[in-house]
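Residue numbers (my numbering), protein chains in the order written: chain H, 75 to 425; chain P, 13 to 347.
Beta carbons are placed, not taken as given, at the ideal position from N, Cα and C, and that holds for glycine.
The structure presented is a predicted model; accordingly, all values stated were derived computationally and were not measured.
Here is the structure we will look at.
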């Protein structure tokens, strides 16, 4: 029943086109919003991986090296550095501050480490901060370039490097300082540290009061603040899928209602219910796939202009039509059920 | 050589909650190669019989045998195969799929039977050529006249060369020019061993028929004398769905008029008392009784033919109103 199904799509093309565009818009929004959630993961991974640690040492009881950190004495880095299997260990500092410019505050994530060592990411332009007063900034921090001067938490800095797309905590730009400057900004110059970044093997035995955390735990630490946002996004995505399903489902259902006579004739002329269902399923699939393709285009246009990082992977684009087909078919079930129940006697105008 | 044998066929279905029995105990045979006309007014069961012959409606009882196929016992895949391979149906309102061209409409049963598109297209083209529509194969139903649509429907019915063709009022929506085109094709359908059953109330088809099946008994001979009937308590005078030629006036006692519901229960519509009449709709309009009449106690009724009844009632005679639950409910004669 492929031909009758496609002919019917052609016959009712305006209605299907409107439904397809509506569904495509919803699919596009669902894709973008799912991309936002993926973007949180991607930026957290980028931020943590860029720091180069294989493991993090934190004060015992701290839930992470960043948001969940608990300050400890900077001197403890020497104890960690001397542990077997540790090749390098450096103090790092993390805090959240604002850059003040012209009366407006721009929030940033501040990372600090010993200049030129582990704990600072590679710059895409310029160099990492090596001296007091120097700062490397994310390319996402607009309005500043190399050589620009900025005020961070009341302290003046000069931009010496940029790090490509370095953001965390839902698109907040990262900035990178020397350890001393970071301690100045975060702890009023006290010789304390948020966590110790370590390379080498994971120490089996740690000095008292310390604990290790993996990079995954470090990523989770950055994502913890976004738990509510991620839940909301997931809920919104589900709602959008439901809306899409309702559009596809209602179009198929109305199509069945309008074609009851046709289906009755099909049945009376020996067309099996399975073939009729196949035709309807094809309509749902065509509608869903077309909407998914257009929706992908809408998402590709929307994503770069979205205020939050949107991570749209090839996998997401490939998965959308698959999910769309599943949603479309599931949504069409009531229409399919209705088609099965049509009495062929209707072809005669009833018994 | 498949013959069509209908034996003691009773059709009953529910309409508005009431049991309707358009056919009760029909027995008829149409031999192979016959064009049989089912004649009768609306509501006499023509379409219901066609539905049963097409294995679309299941009769209440009785048997339909086509060749060695016991149609009334078909189920599942056998039912689908019978509809697909054995029967071709021409519907009253054409019932072409509006989104498909004439060619595509004809290919529907072919494709359903598993034929590949090129073969189905070739066969459909051949059939449309045969019904004189070779130049209309790519037209949609909306672009065809009534006669052309009906010929497409006939081509569709012939697609798999079924040995049984059922046509429901094939000339109902056609003007006289279009009727001529269709009549010629209908006559040709019965070539060879094929059995063609045409339901119609169009007398123009009579000359085409090899066999005429009247679904309504001949009307009562109007010269019957009044029939006096004595009824013991509970005795049924006539049953719902039966055919009758007499209108009754209650001389003594009471007659209850009950409607049989589809679920087997009864609904008392009215009680007709001495001096009132009942049962006038069926005989007057040539339709089955719409309710059952039964004596409540000892009763005596007198049955009159419609002519005698009209003479007795005179011009002041009134039918039951359409809102009345029963067309055969009681009234008092005007005269």
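Secondary structure of residue 415/H (DSSP, three-state): helix. Annotation for residue 123/H: the continuous alpha helix (DSSP H) segment containing it runs 87 to 124.
Contacts with chain P at 8 Å (Cβ-Cβ) include residue 339/H.
In this structure, residue 200/H places its C-beta atom within 8 Å of the C-beta atom of residue 210/H.
For a Cβ distance threshold of 9 Å, residue set 77, 78, 81 of chain H lies close to residue 116/P, ordered along the chain. Here the alpha carbons of residue 271/P and residue 279/P stand approximately 5 Å from one another. Judged by beta-carbon spacing, residue 182/H lies within the 8 Å limit of residue 249/H, meaning their Cβ atoms are closer than that value. Residue-level contact check: residue 395/H does not touch chain P, since none of the beta carbons of chain P fall below 8 Å from its beta carbon. Neighbours of residue 346/H in chain P, taken as residues whose beta carbon is under 9 Å from its own, are 89, 92, 96, 124 in chain order.
At a C-beta separation below 9 Å, residue 18/P has no neighbours in chain H, since its nearest C-beta there lies roughly 17 Å away. Contact annotation for residue 335/H against chain P: 107 [CB-CB distance below 7 Å, chain order]. Contacts with chain H at 8 Å (Cβ-Cβ) include residue 66/P. For the pair residue 145/P and residue 160/P, the CB atoms are nearer than the 8 Å cut-off. Boundaries of the beta strand (DSSP E) harbouring residue 282/P: 278 to 284, taken from the DSSP string. With respect to chain P, the C-beta atom of residue 419/H has a partner C-beta closer than 8 Å. At a cut-off of 8 Å between beta-carbon atoms, residue 111/H makes no contact with chain P.
According to the DSSP assignment, residue 322/P belongs to the alpha helix (DSSP H) that extends over 318 to 325. In this structure, 165/P is the residue among 14/P, 187/P, 165/P with its C-alpha nearest to the C-alpha of residue 340/H.
A straight-line Cα-Cα distance of about 10 Å links residue 273/H and residue 155/H. Taken in chain order, the complete beta strand (DSSP E) segments of 3 or more residues contained in the region 166 to 249 of chain H are 178 to 187, 208 to 212, 223 to 226, 229 to 237.
No Cβ of chain P is located within less than 8 Å of the beta carbon of residue 413/H. By the criterion of at least three beta-carbon pairs nearer than 8 Å, the region 406 to 422 of chain H is in contact with the region 350 to 368 of chain H. Residues of the region 304 to 338 of chain H with a C-beta less than 9 Å from any C-beta of chain P: 333, 335, 336, 338, listed in chain order. Contacts with chain P at 8 Å (Cβ-Cβ) do not include residue 353/H. By the Cβ test, the region 93 to 101 of chain P is in contact with the region 168 to 187 of chain P, since at least three Cβ pairs between them sit closer than 8 Å. When the Cα atoms are used, residue 122/H and residue 270/H turn out to be separated by approximately 13 Å. In the three-state reduction of the DSSP assignment, residue 67/P falls in the coil class, being assigned neither a helical nor a strand state. Taking 8 Å as the Cβ-Cβ cut-off, the region 159 to 184 of chain H has no residue approaching chain P. The Cβ neighbour count for residue 205/H, taken over all protein chains shown within 10 Å, is under 16; the residue is labelled exposed.
Linking residue 27/P to residue 367/H through their CA atoms gives a straight-line distance of about 49 Å. The shortest C-alpha to C-alpha distance from residue 325/H to any of 359/H, 231/H, 195/H, 185/H is the one to 359/H. Ranked by Cα distance from residue 255/H, the options 98/H, 195/H, 207/H, 245/H are led by 207/H.
For residue 371/H, the uninterrupted alpha helix (DSSP H) segment begins and ends at 347 to 376. Contact check for residue 94/H and residue 314/H: beta-carbon distance about 16 Å, past the 8 Å limit, so the pair fails to qualify. Spatial neighbours of residue 263/H in its own chain (CB-CB distance under 7 Å, excluding positions within 5 residues in sequence) are listed in chain order as 257. Around the CB of residue 97/H, 16 or more other CB atoms lie within 10 Å, so the residue is classed as buried.
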